[in-house]
Amino acid sequence: MKKLFGTDGIRGNSSNFPFDQNTLNIIGMAIAEVLGNKKNILIIRDTRESGKKIQKELAKGMLKMDVKPVFSGVMPTAAASLLVKNGDYSAAIVISASHNPYIDNGLKIFNSKGFKLADSVEEKIEHKIKKYLDLKAVIANTKFSIKEDLTLIKFYEDFLIKNFIGKSLKGKTIVVDCANGSAYKIVPYVLRKLGAKVIALNTRPNGKNINFNCGALYPKVVAEHVKKHNAFCGFAFDGDSDRLVCVDEKGIIKDGDYFLFAMAKWLKSNNKLKNNTLVSTVMANLGLVRAMESEKINIVLSKVGDRYVIEDMKKYNSSLGGEQSGHFIFKDILATGDGILSSIMLLGALCESGKTMSEFMEGLEKFPQVLINNRVEKRIPIEQLPKSYKLIKEYEKLLDKDGRILARYSGTENLLRVMVEGKNLEKIKKLAESLVTNICKEVRSI
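Residue numbers for the sequence shown follow this note's numbering, so the first one is 81 and each next one is one higher.
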């Protein structure tokens with residue numbers, strides 16, 4: 081059996097292994113055995129058409145282990161972290177493939193304290209899954225009804241509203257793209273409760289249109305509407321709402337580096353940046369690193385993936401962390417990345433400061449950065465590709481201290497990601513293209 085857990089849980093095509101009926105039953109058994117402790121396990125999902133089938137088959141496995149599944153319907157991933165910590169649950173499972181297309185699905189798992197699982201716990205679950213697959217465990221196809229508790233969403237909505245520090249958003253027009261995902265009801269409701277005029281895009285999920293030409297991967301959609309409606313700002317979320325991309329009042333897209341730069345400065349000015357430390361990842365732009373040095377704020381660069389960010393946040397006692405891609409964590413408020421909470425925190429800071437988003441995020445000068453994603457048949461560790469690895473080292477010497485190279489594979493897809501950063505755009509573009517060509521060629525030859 082190939083390794084199931086990637087950088088963010090289990091993910092893959094919802095029509096294939098491990099999302100077939102029997103394997104899902106076994107996964108449910110394994111999760112219940114490792115995390116259940118004879119208590120309830122919360123299950124939430126996004127709007128993908130495969131979600132209901134997956135939760136039902138997982139539930140069968142849990143029931144066999146005398147663990148009761150509790151279903152709360154369509155909710156953002158971050159809600160699982162909040163609810164599991166505040167309810168009588170031993171764990172929570174989110175059925176979502178985040179920003180992936182509808183045909184994919186996945187499982188993100190939280191422990192009873194609201195944190196994503198450590199590698200060691202994932203390994204235990206994976207070991208149990210393998211054991212039951214080897215034993216050819218089969219669960220009788222017993223019938224049972226699923227009743228989703230839709231009252232739990234109110235607890236999450238109240239939590240978001242409570243964390244808005246501004247007086248009101250009255251008079252402010254905000255554009256939101258909900259990606260036909262789990263934010264489609266919550267975001268417009270919460271912002272309207274806070275007084276904003278909301279222009280809500282992509283709020284009609286049909287099971288297949290989640291993330292389709294919309295949301296955090298297509299922030300230009302929001303940018304166009306911000307300019308059209310002369311809005312205060314705009315936000316684009318992904319399918320499970322753990323990712324946020326901001327758009328300022330001029331219609332300019334601001335990635336996660338801008339968000340982290342501005343919020344770290346604001347928190348520091350309010351004596352709320354714990355240990356004077358920001359945690360980002362190795363994907364952070366060099367401009368952010370230099371800006372934090374200039375502001376005398378410590379910056380820690382973790383491995384890519386929000387659960388690695390949270391691990392370093394705990395290690396360095398930091399209250400703010402996140403990724404360039406749009407995952408942000410306010411650890412003292414919630415133990416995982418939450419795109420909606422992040423938008424609320426930013427809006428509160430904007431209201432308190434009296435600034436527009438462009439003014440608030442002013443001062444970050446980013447280095448040119450080229451990121452190329454290329455599909456590969458297999459993910460052979462880069463350090464095991466002698467020719468490519470040698471080439472990377474040669475190019476790093478060329479860039480010296482004014483640039484860097486990061487070559488890695490996606491943790492959830494068969495994608496090679498090569499990022500090159502430096503002062504000269506044309507130079508780094510050529511280096512990135514050369515590296516992708518050589519790595520893909522070497523991978524194919526093995």
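Built from N, CA and C at the ideal position, the CB exists for glycine as well.
Just to confirm the assignment: which complete alpha helix (DSSP H) runs, minimum length 4, are found wholly within the stretch 249-294? 266-273
Are SER130 and VAL164 closer than 8 Å when you measure CB to CB? no
Identify which residue in ILE472, ILE124, ILE123, ILE134 has its Cα closest to the Cα of LEU515. ILE472
From what residue to what residue does the alpha helix (DSSP H) around GLU304 run? 300-308
For THR416, tell me which candidate among LEU84, VAL150, ASN120, ALA159 has the shortest Cα-Cα distance. ALA159
So, at 7 Å on beta carbons, what are the nonlocal neighbours of LYS330 in its own chain, with the 5 sequence-adjacent residues on each side left out? SER438
Segment contact flag, the stretch 285-294 with the stretch 258-273, C-beta cutoff 8 Å, min 3 pairs: yes
8 Å Cβ shell around ASP318 - same chain, five flanking residues per side excluded: SER178, HIS179, ALA259, GLY261, ASN291, GLY295, ALA296, LEU297, GLY406, GLY419
DSSP three-state call for ALA160: helix, strand or coil? helix
So, using beta-carbon positions, are LYS252 and PHE312 closer together than 8 Å? yes
Any idea which residues DSSP pairs GLN449 with across the strands? GLU501
Using alpha carbons as the reference points, say which of LEU122, ARG128, GLY402, LYS133 lies closest to PRO149. LEU122
Could you tell me the distance, in whole angstroms, from the CA atom of VAL362 to the CA atom of ALA512? 17 Å
With DSSP as the reference, label THR38 as helix, strand or coil. Here the chain comprises residues numbered 81 to 526, so residue 38 is not present and cannot be evaluated.
Where THR157 falls, given that 16 or more other Cβ within 10 Å makes a residue buried: buried
Taking LEU421 as the reference, which of LYS383, LYS477, GLU237, VAL500 has the closest Cα? GLU237
Name the residue from THR436, LYS435, PRO448, ASP328 whose alpha carbon lies nearest to the alpha carbon of LEU368. PRO448
Using the Cβ count rule (16 or more neighbours within 10 Å means buried), how would you classify THR103? buried
Three-state class that DSSP yields for ASP412 in the structure shown: coil
Between the beta-carbon of ILE390 and the beta-carbon of PHE235, is there less than 8 Å? no
With 16 other CB atoms within 10 Å as the buried threshold, where does ALA364 fall? buried
Residues of its chain near LYS144, where Cβ-Cβ distance is below 7 Å and the 5 sequence neighbours each way are ignored: MET109, ILE219
State the CB to CB distance for the pair SER399 and PHE410, rounded to an integer number of angstroms; the pair is presumed to be in contact (CB under 8 Å). 7 Å
Kindly provide the ranges of any beta strand (DSSP E) runs that are 3 or more residues long and lie completely inside the stretch 418-487, ordered along the chain. 449-455
Look at the Cβ atom of ILE226, then the Cβ atom of LYS354, and state whether they are nearer than 8 Å. no
Whole beta strand (DSSP E) runs in the stretch 101-171 with 3 or more residues, listed along the chain? 120-125, 149-154
LYS72 versus MET441: straight-line alpha-carbon distance, rounded: Lying before the first or after the last residue shown, residue 72 is absent from the chain, which here runs from 81 to 526.
With distances taken Cα to Cα, identify the nearest neighbour of ALA112 among GLU206, SER468, PHE224, LEU478. GLU206
When you compare only the Cα positions, how much space is there between HIS305 and LEU213? 50 Å
At which residues does the alpha helix (DSSP H) containing ALA344 begin and terminate? 336-349
The alpha helix (DSSP H) enclosing ILE241, as first and last residue numbers: 232-242
Indicate whether GLY153 and GLU228 have their beta-carbon atoms separated by less than 8 Å. yes
So what does DSSP say about LYS83, is it helix, strand or coil? coil
With C-beta atoms as the reference, is LEU162 less than 8 Å away from PHE239? yes
On the CB-based measure, 16 or more other CB atoms within 10 Å of its CB, does THR231 come out buried or exposed? exposed
So what's ARG91 in DSSP terms, helix, strand or just coil? strand
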